[in-house]
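Going left to right, the sequence shown walks through residues 95 to 290 as the numbering used here numbers them.
No residue lacks a Cβ here, since even glycine has one placed at the ideal position from N, Cα and C.
Source: prediction; values computed, not measured.
Taking it in order: structure first as structure tokens, then the write-up.
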Amino acid sequence: MANKIAMVYLRRRVTLMIELRGKKVVLRTMERAHCRILWEYYEPVEPVPTEPVRPGLSVEGSEKWFEEIQEKQEKSQIYLGIFDDEGNIVGDIQLSGIDWRNRTASLGAGIALKKDRGKGYCTDAAVVMLRYGFEHLDLQRISAATMANNASAIRVLEKVGFVQEGREREAVYWSNQRWDRIVFGILKPEFEAIQS
Numbered sequence: 095m096a097n098k099i100a101m102v103y104l105r106r107r108v109t110l111m112i113e114l115r116g117k118k119v120v121l122r123t124m125e126r127a128h129c130r131i132l133w134e135y136y137e138p139v140e141p142v143p144t145e146p147v148r149p150g151l152s153v154e155g156s157e158k159w160f161e162e163i164q165e166k167q168e169k170s171q172i173y174l175g176i177f178d179d180e181g182n183i184v185g186d187i188q189l190s191g192i193d194w195r196n197r198t199a200s201l202g203a204g205i206a207l208k209k210d211r212g213k214g215y216c217t218d219a220a221v222v223m224l225r226y227g228f229e230h231l232d233l234q235r236i237s238a239a240t241m242a243n244n245a246s247a248i249r250v251l252e253k254v255g256f257v258q259e260g261r262e263r264e265a266v267y268w269s270n271q272r273w274d275r276i277v278f279g280i281l282k283p284e285f286e287a288i289q290s
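Written out as structure tokens, the structure is:
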């Protein structure tokens, strides 16, 4: 089935509805219920300060998160749910900080439950989102950053073609400890060469 992109008018607000298919996952615009499910699911493997800051573990908190996503959707970010082949939401992925003038953005993603990690969902989702960013949004460069101790994120980024561009020493303070942040980037021609 082909990728779908549609504009939906909800309560005087135009909402971008996106559905993108990969080999293992479908990336889709999240609904309010999906935010609630992810809100309850997220189990950090280790302290991960790159996770979205959730304003309190409550229904109200998930509602606020959903509203924040909707407010920024399409203007400065594309935020999608990651769904497995059975239609279950397993995580989320986003292109954020979209700079339309310079044609750049930053990629972030997460798989919520430990049982769903290590199955290739995040790798497949990253490839699909990069393709969308470079082909549909006509971005020139996509960056990503993660803590130096996040081996799984580093593995995914390198696997899909990101190049390590730098290390911000002790840039993150988390759990009474300082962590280095590793910065990655991929250019449109690099991604196209990998995909051909």
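Enumerate in chain order the residues of its own chain whose CB-to-CB distance from residue i is below 7 Å, with the five nearest sequence positions on each side excluded.
i       : result
Ile-248 : Thr-240 and Ile-276
Val-254 : Thr-217, Ala-220, Val-221 and Leu-224
Glu-284 : Gly-255
Gly-116 : Asp-218, Ala-219, Val-221 and Val-222
Asn-270 : none
So is residue i buried or exposed if we call it buried at 16+ other beta carbons inside 10 Å?
i       : result
Val-139 : Low local confidence applies: a pLDDT of 47 at Val-139 is under 50, so the model's placement there is unreliable, with the coordinate-based value given in what follows. Per the 10 Å Cβ criterion, exposed.
Asp-193 : exposed
Asp-186 : buried
Gly-181 : exposed
Gly-204 : buried
Arg-122 : buried
Gly-212 : exposed
Ile-288 : exposed
Glu-286 : exposed
Take residue i as the anchor and find which of the options has the nearest alpha-carbon.
i       : options                               : result
Ser-200 : Lys-213, Gln-171, Met-124 and Lys-208 : Gln-171
Thr-198 : Leu-251, Phe-177, Phe-285 and Gly-227 : Gly-227
Lys-118 : Gly-214, Leu-231 and Ala-287          : Gly-214
Asn-196 : Gln-289, Ile-176, Leu-231 and Gln-167 : Leu-231
Arg-272 : Asn-243, Ser-290 and Glu-286          : Asn-243
Val-120 : Ile-176, Glu-165, Lys-169 and Glu-162 : Ile-176
Met-124 : Tyr-267, Gln-188 and Lys-169          : Gln-188
Anyone know if the C-beta pair for residue i and residue j falls short of 8 Å?
i       : j       : result
Asp-274 : Glu-262 : yes
Ala-245 : Phe-278 : no
Excluding five sequence neighbours on each side, which residues of the same chain lie with their C-beta closer than 8 Å to the C-beta of residue i?
i       : result
Lys-282 : Phe-228, Leu-233, Gln-234 and Arg-235
Ser-290 : none
Apart from the five residues on each side of it in sequence, which residues of its chain come closer than 6 Å, Cβ to Cβ, to residue i?
i       : result
Asp-178 : Val-184
Ile-280 : Ile-236, Gly-255 and Phe-256
Asp-210 : Val-184
Pro-146 : No answer about Pro-146 holds up, because its pLDDT of 44 lies below 50 and its placement is not dependable.
Leu-251 : Ala-238 and Phe-278
Glu-264 : Arg-272
Leu-114 : Asn-97, Leu-121, Val-222 and Tyr-226
Pop quiz: residue i and residue j are said to be a contact at Cβ under 8 Å. What is the actual Cβ separation, rounded to whole angstroms?
i       : j       : result
Leu-174 : Ile-112 : 6 Å
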